[in-house]
Amino acid sequence: MTSSNRLPRLPLVALAAPASLFFVVFYLWPVVSLLGRTLTLDSMRAAMHDPTIRHVVWFTAWQALLSTALTVVLGLGPAYLLARYEFTGRRLITALITVPFVLPTVVVGAAFLALLPDSLDQSVTAIVLAHVFFNIAVVVRGVGGLWQQLPTDLTSAARTLGASPLRTVREITLPLLAPAIYASASIVFLFTFTSFGVVRLLGGPSRTTLEVEIWQRATRLGDVSVAAVLSVAQLLLLGVAVAWFAHLQSRQRRGLQLQPVAQRQRARTSRQRSLVALTSAAIVITIAAPLIALIERSLRTANGHSLAAWQGVFGASTDQPARPTTGVLVDPLASLATSFRFAVIATAISLVIGATASLAIAALGRRGRLLDTALMLPLGTSAVTIGFGLLVAFDSGRLDWRASPLMIPLGHSLMATPFVVRVVLPVLRSVDAVLRDAASTLGASPLRAWREVDVRLIARPLATAAGFAMAISLGEFGATSFLTRQGRETLPIAIERLLNSPASLLHAQGYVLATVLAALTFVIVAAIETTSSGVDRRA
Amino acid sequence: MNRLVATALTLVLAASACGSDSKQAAEVAPSSLTLVAYDSFSLKPDSFDAFTKSTGIAVKIVTAGDAGTMLSKAALSAGNPEGDVMWGIDNTLLARAQQAQVFSPYKSSELAALSPTAAALVSGNLVTPVDEGDVCVNYDIAWFEQKNLDPPATLDDLLKPEYKDLLVVENPAASSTGLAFMLATIAHAGDSAWQQYWTSLRGNGVKVVDSWDLAYYEQFSGSTGKGDRPLVVSYGTSPPAEVIFADPRPDRATTGVVDATCFHQVEFAGVLRGTKYPTAAGTLIDYLVSKSFQELLPLTLFVYPARTDAVLPAEFNDFAVRPADPLVVSPSDIETKSKDWIATWTNLVVR
């Protein structure tokens, strides 16, 4: 890339500004405010000399590595299928795979628990399997997004030249996919390293991640100070990990002639057809089984099964004379509307911030890495820190926004923006420099070349990113749980409250809402799949 | 000398009275007050209509996570509170709240009508007791009938071989129910012997999970989850909840409570330090312990009213257990020792 076709300085600043401002005001300041109020030398010493904490850090790291490796390996198959083959139901399967990712971990954890054999109860195996189940969408979508745009001629050429399929995959396909693989792996690593619900639910009390330890210290023991130390430690560890992934990713970057239209084929030979059929069936069964367990739990009563909980949620009154005085924890239907409203706002914010940030990061080259890493930080920051931080930072005078309804979607955008960047950036980075040069040679100004090439190319990844952002907002639990207000409960919050209810009927309503959330996600993602394919065809 | 002290005291009192008088005069009645509560606070909004009608002040509710989270948040913003009154700090958190200076004292005009043992936990009217309950081992009646086995009657019974692998408890580091049960064993066995108790309990196959809902709905055989453990650490009021929400309603309780295992919990409400409306906040506290409001509590929060003359619903009289002599640990002991207790427990039981 020659310096002549770099963007001029002014648009670059304009592009980098929204994300930087957003990051500083809604992440950096809150976190620094919280640390400023709580961090002490004593608590640092206490944390460093606590053998429990060393044990926790070690467990957190190795289970995250194992989970990430397994998720990547198991995700490549479905990613290949969905990226390379056109078949009936492809979009539905893509949507289905995304569903576990947005369900609150509390919920799918419970469903998982119902399916697990007793021998795996409270085991690392259960944790790792659940992590794969939750995060496989990241790999399938992230890697698949690049895969479907890879030109097929390279692999066909290799095959023609006599390379075995295995060798073609090893020497051509995998290296070409490497940027997307590392990008997905870094997200999966972040999520499994900071795992909370799954670990509490499936791991049992002897297996504690840093995130769980932080939560216990901050909310159970009232030791916010040590929690703050651990939060910083977690951030540092993840900072190193993310920087390493980013380094791997940038080393693997290759200028590629990406195809704007997905390179998919219909299964022709009977071998291909059975491959498609078997893989699809495996995906559907794996994803559907826990979801079906969820539905079963929503129907379960003390003495059999009934629709009572569903009627309770959807208004058909089950109020028997004995019950009208019993309390209302949460309005299930209102939480549906709230979640949807917050998801739309959070998606809009994170798309704007994420898209401009991606363009800036891509144009800035090496210097862009700082912004890139900064935007990832919220994913590695404990929910307690973000939640408490926002409350502490915006607590006085005109800035007393503690009760503002915007706090929740803002928190969600912090989590969703890095996804937008992770989806958009690999595509931008793989844009062949030749394309830009060609545009310049043809007389386009750098600004015009950039507009024609980069901006046009991000249309499709943005649609994918919108799906992710929406899904993340719908499923976000941790930070929301610290910011939520009566009457503004999101679905995951409502689900958690209901599951914790001493009344078994309300407990079942929690599963009803979980089923609704799963269905809702499926519909949204499927709709986005359909429209973004529309973009494909127009392109 | 004495007279000097008396004069000085009178002067100070007069000055402070003037101070509060002028403050009260300056306090304009707010159009609304904010009640901060834990997130399972499930009273209907119309529960505050009577208050609004008599004072003209609306009540907004801000839920702030579970009681522990709520207190940590309040401690971070002590003096600059999110609301005016807080509901739901219990006796396991009371000393911490005192240390963090979250509340400013208020003496309710209804204090005499409240449970004296609950009120005795509070010094200097820092907070006002609002409800009481117990954390107790519950058992699945049908399971024990089927096996022709008597349910355990004491904490020591739980160590007997006939109850091996039957009990599920919550992790005290992660769950307030689990913490209460651990405190029950400490109150029962004493500071020196409770560790031995847990070593034996572990030997007898106790299962530990991370939260109450996991224990009760997934592991316990007596509720909808149909787990495989017939003994669970839950509440003294779990049996009426089981009955009220069963469809159809059974004639008799399906779960029972082991009286001698109960740890007593008291919840308090207090005026948050730094509120702009301390007088109005006090009025709200009085309302929270008024008879009509207190009578709403049993079937919404599944607790006993702190007010002794509140009438209980029939389900509570029929099915709930209120042990005459529950186990207790003083709030100050809980605050100073529970971190160490939890660390010790973790090493003993789950490592």
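Note that the protein sequences, when read in sequence, are chains A and B. Read left to right, the first sequence gives residues 18 to 556 (my numbering). Read left to right, the second sequence gives residues 12 to 362 (my numbering). Beta carbons are placed, not taken as given, at the ideal position from N, Cα and C, and that holds for glycine.
Against chain B, with Cβ distances strictly below 8 Å, would residue i count as a contact?
i: GLN526 of chain A; result: no
i: PHE357 of chain A; result: no
i: THR318 of chain A; result: yes
i: ALA520 of chain A; result: yes
i: SER399 of chain A; result: no
i: ARG419 of chain A; result: yes
i: SER498 of chain A; result: yes
i: VAL157 of chain A; result: no
i: ARG465 of chain A; result: no
i: LEU133 of chain A; result: no
i: LEU247 of chain A; result: no
Using beta carbons (cut-off 8 Å, strictly below), is residue i in contact with chain A?
i: VAL2 of chain B; result: Because chain B is modelled from 12 through 362, residue 2 of chain B falls outside the range shown and cannot be assessed.
i: THR319 of chain B; result: no
i: ASN182 of chain B; result: yes
i: ALA252 of chain B; result: yes
i: PHE62 of chain B; result: no
i: ASP234 of chain B; result: The sequence given here places Ser at residue 234 of chain B; Asp does not occur at that position. By this cut-off, SER234 of chain B is an interface position.
i: ALA185 of chain B; result: yes
i: VAL113 of chain B; result: no
i: LEU225 of chain B; result: yes
i: LYS350 of chain B; result: yes
i: PHE192 of chain B; result: no
i: ASN91 of chain B; result: yes
i: PHE256 of chain B; result: yes
i: TYR246 of chain B; result: yes
i: ASP221 of chain B; result: yes
i: LYS34 of chain B; result: Bear in mind that the predicted position of LYS34 of chain B carries a pLDDT of just 45, short of 50, making it unreliable; the figure below should be weighed with that in mind. Answer no: the Cβ-Cβ gap between LYS34 of chain B and chain A never drops below 8 Å.
i: GLU156 of chain B; result: no
i: SER51 of chain B; result: yes
i: SER43 of chain B; result: no
Can you list the residues of chain B that residue i reaches, using a CB-CB cut of under 8 Å?
i: ASN152 of chain A; result: Residues of chain B passing the Cβ test: none, with the nearest at roughly 21 Å.
i: PHE405 of chain A; result: SER83, LYS84 and LEU87
i: VAL409 of chain A; result: LEU87 and SER88
Show which residues of chain A have a CB atom less than 9 Å away from the CB atom of residue i.
i: ILE72 of chain B; result: ARG502, GLN503 and GLY504
In this structure, how does DSSP classify residue i when only helix, strand and coil are distinguished?
i: ALA96 of chain A; result: helix
i: ARG240 of chain B; result: strand
i: ALA81 of chain A; result: helix
i: LEU98 of chain B; result: The sequence as given places Trp at residue 98 of chain B; Leu does not occur at that position. Correct three-state label for TRP98 of chain B: strand.
i: GLY247 of chain B; result: coil
i: ALA130 of chain B; result: helix
i: PHE231 of chain B; result: strand
i: ARG283 of chain A; result: strand
i: GLN139 of chain A; result: coil
i: GLY267 of chain B; result: strand
i: HIS429 of chain A; result: helix
i: ARG362 of chain B; result: coil
i: GLY332 of chain A; result: coil
State buried or exposed for residue i, treating a residue as buried only when at least 16 other CB atoms are found within 10 Å of its CB.
i: ALA351 of chain A; result: exposed
i: ASN358 of chain B; result: exposed
i: SER193 of chain B; result: For the record, residue 193 of chain B in the displayed sequence is Met; it is not Ser. With 16 or more other Cβ atoms within 10 Å, it is buried.
i: PRO182 of chain A; result: exposed
i: ILE512 of chain A; result: buried
i: LYS158 of chain B; result: exposed
i: GLU156 of chain B; result: exposed
i: LEU416 of chain A; result: exposed
For a contact meaning CB atoms closer than 7 Å, what does residue i contact in chain A?
i: ARG362 of chain B; result: SER223
Applying a beta-carbon distance threshold of less than 8 Å, which residues of chain A neighbour residue i?
i: ALA86 of chain B; result: GLY239 and VAL241
i: GLY8 of chain B; result: In the structure as shown, chain B begins at 12 and stops at 362. Residue 8 of chain B is therefore absent and cannot be evaluated.
i: ARG107 of chain B; result: GLY239
i: TYR288 of chain B; result: The premise fails here: TYR288 of chain B is roughly 16 Å from chain A at the closest Cβ pair, so nothing lies under 8 Å.
Against residue i, what residues of chain B qualify as contacts under a CB-to-CB distance less than 7 Å, listed in chain order?
i: ARG415 of chain A; result: Residues of chain B passing the Cβ test: none, with the nearest at roughly 14 Å.
i: ASP412 of chain A; result: SER88 and ASN91
List the residues of chain B that residue i touches, going by C-beta distances under 9 Å, in chain order.
i: ALA235 of chain A; result: GLY79, THR80 and SER83
i: LEU308 of chain A; result: Chain B residues near LEU308 of chain A: none, gap ~18 Å exceeds 9 Å.
i: LEU516 of chain A; result: ASP224 and TYR228
- Query: If you scan the segment 107-184 of chain B from start to end, which runs of the beta strand (DSSP E) of 3 or more residues do you find wholly inside it?
  - Reply: 139-151 and 178-181
- Whole alpha helix (DSSP H) runs in the segment 116-200 of chain A with 4 or more residues, listed along the chain? If you keep only unbroken alpha helix (DSSP H) runs of at least 4 residues inside the segment 116-200 of chain A, you get 122-132, 141-164, 170-177 and 182-185.
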